[in-house]
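First comes the structure, then the notes that go with it.
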Amino acid sequence: MSAAHGSVSLIGDTSHFGSPKTHPHVSVTVILCEMSNGILQASNPRTSFTMDRRSGKGRSSTTPFNVVLFGESGAGKSSILNMLLGTNVAAVSGGATGCTFESTGYDISIDGTSFRVHDTVGLEDGEHGRIPTSKAIVQLYSLLRRLEGGISLLIFCMRAPRVKESAKHNWILFYDIICQCRVPISIVVTGLEQERDMDGWWKGNEKTFRQYGMHSHGHACITAIRGKKKANGQYSLQQEYDESMLKVKNMIKTCYQEQPRPVERVHWFQRVVYETTYEHHCWGTEVIKTKVGDMKGAVDELVDRCGMPKKDAEALAKELNKIK
Ligand SMILES: Nc1nc2c(ncn2[C@@H]2O[C@H](COP(=O)(O)OP(=O)(O)O)[C@@H](O)[C@H]2O)c(=O)[nH]1
Ligand SMILES: [Mg+2]
Numbered sequence: 014m015s016a017a018h019g020s021v022s023l024i025g026d027t028s029h030f031g032s033p034k035t036h037p038h039v040s041v042t043v044i045l046c047e048m049s050n051g052i053l054q055a056s057n058p059r060t061s062f063t064m065d066r067r068s069g070k071g072r073s074s075t076t077p078f079n080v081v082l083f084g085e086s087g088a089g090k091s092s093i094l095n096m097l098l099g100t101n102v103a104a105v106s107g108g109a110t111g112c113t114f115e116s117t118g119y120d121i122s123i124d125g126t127s128f129r130v131h132d133t134v135g136l137e138d139g140e141h142g143r144i145p146t147s148k149a150i151v152q153l154y155s156l157l158r159r160l161e162g163g164i165s166l167l168i169f170c171m172r173a174p175r176v177k178e179s180a181k182h183n184w185i186l187f188y189d190i191i192c193q194c195r196v197p198i199s200i201v202v203t204g205l206e207q208e209r210d211m212d213g214w215w216k217g218n219e220k221t222f223r224q225y226g227m228h229s230h231g232h233a234c235i236t237a238i239r240g241k242k243k244a245n246g247q248y249s250l251q252q253e254y255d256e257s258m259l260k261v262k263n264m265i266k267t268c269y270q271e272q273p274r275p276v277e278r279v280h281w282f283q284r285v286v287y288e289t290t291y292e293h294h295c296w297g298t299e300v301i302k303t304k305v306g307d308m309k310g311a312v313d314e315l316v317d318r319c320g321m322p323k324k325d326a327e328a329l330a331k332e333l334n335k336i337k
């Protein structure tokens, strides 16, 4: 190992950097760069590593994969997060601390892989002093845009018993329009504690998801509550709750994307498309721009596919357009 100061020079075997999902035993080659202070630094898209050459001590830290829970208020997003964490960290609506007003990320590990799960504001209709839908949409879009390291999985949360049309609209907006279908998406259905076979709910409703164009990469039919505490200190739904936690963890493990994609800025408004031609004359070259058409902006999709009135769609897009 020799390195000139400040130059990129060293190749090493760092098999422990391999991502466990696809390359459990494969060595990964990382380029190390020696800084002027004698510290060696290395990075691949997901892992950073620093080592002091003089002491030989190393330190590695893995960037967690971002998982975003979204869906309407009361769907059970915060309860799912608490279930994954094994504690009551996220505020559950209806509780003394109220509901989630800002997005928060919590780190969990599933079989040695680190995930940062983001609880987000609910997307609802703005009744009874709740966060109006447009504000929730702006907050969620802004989170998706600024997530360091991109997004590895979107989890759409909804409450049984039925798939509402608003679910379809939220899906189109966040998955199709904002994430441009480039991020895996899965569905968690809560409120199924009364079903003898929680997974049976999926079989009965699969058709509706298909009709709505909600094609998910995975799903989990669960309960996110423990039920009543019994005299013996146990909870009435503990078994269902534990099963549910395993289902959600398995779903995340199966569906997440190892090469996360950042969410690109959305072109909300219509754009004019020009064709450029060059005409050569004796006096020089003339550049001619001809309008060849209009490209639809995402506003049109909000109107056409989400059934949003044009005025509302434009007002929303104006707000979203401010987010860099
Ligand atoms: N019956 C039932 N209630 C649930 C379930 N998941 C969450 N809840 C309750 O629904 C309410 C809203 O849950 P919360 O996690 O705050 O939803 P969020 O707004 O999506 O974060 C709370 O009173 C939860 O206890 C579930 O699977 N079954
Ligand atoms: Mg919440």
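Numbering (this note's numbering), first residue to last: 14 to 337.
Note that the Cβ used here is the ideal one computed from N, Cα and C, for glycine as well.
Per-residue DSSP class, three states only, for residue i
| i | result |
| --- | --- |
| E292 | strand |
| R129 | strand |
| E206 | coil |
| Y287 | strand |
| D307 | strand |
| I191 | helix |
| V316 | helix |
| H232 | strand |
| K241 | coil |
| M225 | The sequence as given places Tyr at residue 225; Met does not occur at that position. Residue state, collapsed to three classes: coil. |
| R59 | Summary for R59: the model assigns pLDDT 46, below 50, so the residue's position carries little reliability, and this model does not support an answer. |
| Y269 | coil |
| M264 | helix |
In DSSP terms, what residue i is bridged to
| i | result |
| --- | --- |
| R274 | I164 |
| F169 | F83 and I200 |
| F78 | F128 |
| D13 | This structure gives no information on residue 13, because the portion of the chain shown stretches from 14 to 337. |
| V151 | None; V151 has no bridge partner. |
| V105 | DSSP, once it has assigned bridges, lists no residue as partnering V105. |
| T298 | H293 |
| Y248 | K242 |
Through-space distance from residue j to residue i, alpha-carbon basis
| i | j | result |
| --- | --- | --- |
| G84 | E137 | 8 Å |
| I123 | S257 | 14 Å |
| V202 | S91 | 13 Å |
| G297 | V305 | 25 Å |
| R318 | Y248 | 43 Å |
| K243 | K260 | 25 Å |
| C194 | K181 | 14 Å |
| N95 | V285 | 47 Å |
| D210 | I235 | 10 Å |
| C268 | D212 | 18 Å |
| T76 | I168 | 19 Å |
| K331 | M227 | 27 Å |
| S147 | V130 | 23 Å |
| A237 | I93 | 6 Å |
| T303 | E219 | 48 Å |
| K266 | W214 | 22 Å |
| Q252 | Q207 | 13 Å |
| A55 | T126 | Confidence is the limiting factor: at A55 the pLDDT is only 41, short of 50, which leaves the residue's position unreliable, though a coordinate-based value still follows. A55 and T126: Cα-Cα distance of roughly 20 Å. |
| V105 | A311 | 33 Å |
| Y119 | A149 | 20 Å |
| L97 | I121 | 7 Å |
| G89 | N101 | 13 Å |
C-beta contact flag for residue i and residue j at 8 Å
| i | j | result |
| --- | --- | --- |
| G162 | R274 | no |
| M308 | Q283 | yes |
| S179 | G231 | no |
| A173 | L205 | yes |
| L333 | V300 | no |
| V176 | T221 | yes |
| S165 | N79 | yes |
| Y225 | R239 | no |
C-beta neighbour in chain C for residue i, strict 8 Å
| i | result |
| --- | --- |
| G231 | You won't find chain C in this structure, because it holds only one protein chain. |
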